[in-house]
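Let me begin by presenting the structure, written as structure tokens, before commenting on it.
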Amino acid sequence: MNRLEESRKAVLFVGHGSKDPEGNREVAVFVDMLKPRLEEYFVHLCYLEFASPTITEGIEQCVADGAQEIAVIPIILLPAGHSKLHIPHELDEARRKYPEVTFHYGRPLGQHPHTVDILLSRLEESGFGLTEEEDSKTDQETAVLVVGRGSSDPDANSELYKLARLLWEKVNVKWVETAFMGVTEPLVEEGLERCVQLGAKRIVVLPYFLFTGVLIKRMVRLVERFSAQHPDRQIRMVPYFGYHEQLQSIVLDRVQEAFAGQARMNCDHCQYRLYALEHMGHHHHHHHHHKQG
């Protein structure tokens, strides 16, 4: 415990939280798997909704441990309302309540080189051999449908399309399509229908989800129903991220980044923002994201 005594640092993981207890259990197991690799920190888990402890309670636990620095790491894939508004608001409150504690905020997991690697390995495990060059005829008939949660935040939804394109560059299939479980369109059924209309004989449904829950179980049922309605097509859903080794690496990277003060939101990498900083003084205005002339 000596290292803990010296460092007084804590990592607070923030899971989304699910109405499905199995989903919350998977997050807890995942965090337990990380603990041996985070021995120098106090480690706690909290949830945004549908489960406890809450973020407020999680921060209280870290402070009770004696932590003087706390890295708050969202176990969330895309930068949407929760990561942009909800968690920062909680952190503002915590900074007021515990002025002696330094808080570091990590970024969502999705924008990481290993994300595509995880999706590729899930596809390869499915047995479709999607990255093999030899069977080009089969590949001409295969579509991958990447399915995300869906958000009211256009930035989060656009990230899924970007990811699908990055994936398309790496797999030897004709189509990588995108769909959502809710909130926005196209919905899963529309995505599947589009793959059929395009002429795909085989469709691989690839969930862009970390753990199980209500939406994953609904996705399974949707895919089964669609498959029954299209017996002439081969339709298969592959596993979500789960306990993938690469996911553990991503989360550990986020912890290191947060403590090093290197966590950046999406806009921080934007070429227009960097251009604006150089040419227009050091203010971050989102309208700099529009095309420069």
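Each residue of the sequence shown is one higher than the one before, starting from 1 at the first, in UniProt numbering.
C-beta: ideal position from N, C-alpha, C; glycine also.
Those residues which DSSP pairs with residue i across a bridge
i	result
residue 235	203
residue 148	180
residue 104	71
residue 143	175, 203
residue 44	12
residue 187	180
Cβ-Cβ distance between residue i and residue j below 8 Å
i	j	result
residue 210	residue 241	yes
residue 61	residue 101	no
residue 176	residue 160	no
residue 255	residue 11	yes
residue 76	residue 83	yes
residue 139	residue 173	yes
residue 31	residue 43	yes
residue 143	residue 228	no
Of the listed residues the options, nearest to residue i (C-alpha basis)
i	options	result
residue 27	258, 248, 259	248
residue 97	166, 112, 56	56
residue 54	37, 204, 87	87
residue 203	235, 194, 180	235
residue 103	217, 93, 36	93
residue 37	251, 184, 259, 257	251
residue 208	49, 111, 35, 261	111
residue 294	149, 124, 155, 167	The shown model of the chain, from 1 to 293, leaves out residue 294, and the question about it has no answer.
residue 230	16, 109, 197	197
residue 243	262, 95, 121, 108	121
Close-in-space but distant-in-sequence residues of the same chain around residue i (CB under 7 Å, 5 per side omitted)
i	result
residue 179	145, 147, 186, 187, 188, 190, 191
residue 158	none
residue 46	12, 14, 53, 54, 55, 57, 58
residue 153	80, 81
residue 232	none
Cβ-based neighbour list, residue i, same chain, cut-off 6 Å, excluding 5 preceding and 5 following
i	result
residue 237	205, 223
residue 149	181
residue 18	24, 50, 213
residue 20	213, 214
Residues of its chain near residue i, where Cβ-Cβ distance is below 8 Å and the 5 sequence neighbours each way are ignored
i	result
residue 126	204, 236, 238
residue 9	40, 41, 42, 67, 68, 69, 70, 71, 259
residue 266	Note that residue 266 scores 47 on pLDDT, short of 50, meaning its location in the model is unreliable; the coordinates nonetheless yield the value given after this. If we look at residue 266 and ignore the five residues flanking it on each side, its Cβ neighbours are 79, 111, 155, 159.
residue 218	181
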